[in-house]
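Notes to accompany the following structure.
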Amino acid sequence: MYYDSQRYPYPYFTPAHQMDSSLRNNENSDETNILLVSIQQEASMMNLYMQLADNAIHSEERRSLLEVVENKQHHVNQLTNHYMTHTGKKPEYTLEDLSFERYEDGLITAYNKEKANKEHYERNVSALTSSDLKQALLSVSKSNEEVTTYFRNIEPSTYERRTDYGPEPFVIDIEKATKRNNYFRTALWTGEYLQLTLMSIQPGDDIGLEIHHDHDQFLRIEDGRGRVQMGRRRQQLDFERNVKDDDAIFVPAGTWHNLTNTGRKPLKLYSIYAPPAHPRGTVHETKAIALEAEPNHS
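Numbering (numbering that gives the first Met the number 0), first residue to last: 0 to 297.
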């Protein structure tokens, strides 16, 4: 993701012909450098929050992150206005690379960077001679403190432990949630009559041959390839199909079934049981843990 100057323009600036020449010639001053670093920081953080919002699976978190993006946009515009007033030109800078692989890593980066940026503002505000610039940096710093508090409230270690959201009403981007799950089995939502679990099957491994006597099952592949087998008898799995991304699998009650990962990467899928088949809040990091925790599961 990148900072798009067309999507996020600089509306807050004074035309060059209206500027005092003494200010325009002040490009190398400490104040100008402080402003440029501050703009670069805020623009880089805005880019990070845009990435986080794009990857958030919970609608409330996505909305909160987009609000932060708007605040950062205001900061960039405000500081850019001051910079152009001092120099007579737009600031030139490179966004810091704050990319991440895991959403939780992105949250950690955002939290740590906000703390570091706060120190930057506190350290440099006293070096400013302009009361307007001081007020601008203090305003940005105060706003960032609120953002830091927000991330403290959704500390990643706590976020990762939040799994089962049933039986309360719930909305989620199921594709993102499924692809992000790295555990063999994670119960995402358990109600009285239905349960959804996320699964990640390693290459060459399988779910395990099983049968559910009293309920049907639905599975959907979100990423990867596999081979599904079903049959009325344990030793006679006469229904076989290759499955891939976006394929849905329906398993009738009383049917032996298994799903094997035939690809080279983890097979990501979600499974719906009606009624629930696992205890609420179930988290099995590996297949071995699942077999040990539920030896009689079938």
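The beta carbon of each residue, even a glycine, is placed where N, CA and C say it ideally should be.
Starting from the C-beta of residue i, find all residues in its chain whose C-beta is less than 7 Å away, skip the five residues before and the five after it, and write them out in chain order.
i	result
Arg61	Ala52, Ala55
Ala310	An answer regarding residue 310 cannot be provided, because it is not within the stretch 0 to 297 covered by the chain.
Leu137	Val124
Lys71	Glu41, Met44, Met45, Tyr48
Ile173	Tyr269
Ala292	His283
Considering only the alpha carbon of each residue, which of the options lies closest to residue i?
i	options	result
Arg240	His73, Ile248, Tyr164	Ile248
Glu284	Pro265, Asn181, Ser98, Glu100	Asn181
Gly101	Ala176, Gly87, Ile210, Glu145	Looking at the sequence shown, residue 101 is not Gly but Arg. The shortest C-alpha separation from Arg101 is found at Ala176.
Glu221	Arg263, Glu41, Ile210, Met198	Met198
Asp213	Tyr192, Gly207, Val242	Tyr192
Glu144	Gly253, Asn116, Arg233	Asn116
Specify, as a first and last residue, the run of the beta strand (DSSP E) that residue i falls within.
i	result
Gly230	225-230
Ile271	266-273
Ser199	194-200
Glu191	First-last for Glu191: undefined, no H or E at that position.
Do residue j and residue i count as a contact pair if the criterion is CB distance below 8 Å?
i	j	result
Glu121	Thr147	no
Leu187	Gly225	no
Gly223	Asn257	no
Gly280	Pro202	no
Short of 8 Å in beta carbon distance, which residues of its chain neighbour residue i, apart from the five on each side in sequence? Order them along the chain.
i	result
Ile38	Val75, Leu78, Thr79, Tyr82, Pro90, Tyr92
Glu167	none
Phe169	Trp188
Which residues in the same chain have their Cβ closer than 6 Å to the Cβ of residue i, if we skip the five residues on either side of it in sequence?
i	result
Leu218	Ile248, Leu268, Ser270
Tyr48	Leu64, Val67, Val68
Ala126	Asp29
Apply the 10 Å Cβ neighbour rule to residue i and answer buried if 16 or more other Cβ atoms are within range, or exposed otherwise.
i	result
Leu290	exposed
Ala287	exposed
Ala303	The structure shown has nothing for residue 303, since the chain only spans 0 to 297.
Ala276	buried
Gln235	exposed
Thr128	exposed
Asp131	exposed
Gly253	exposed
Taking the alpha helix (DSSP H) that residue i belongs to, which residues open and close that run?
i	result
Gln72	58-86
Leu51	29-54
Glu291	286-292
Can a CB atom of chain B be found closer than 8 Å to the CB of residue i?
i	result
Phe183	The question asks about chain B, but that chain is absent: this structure has only one protein chain.
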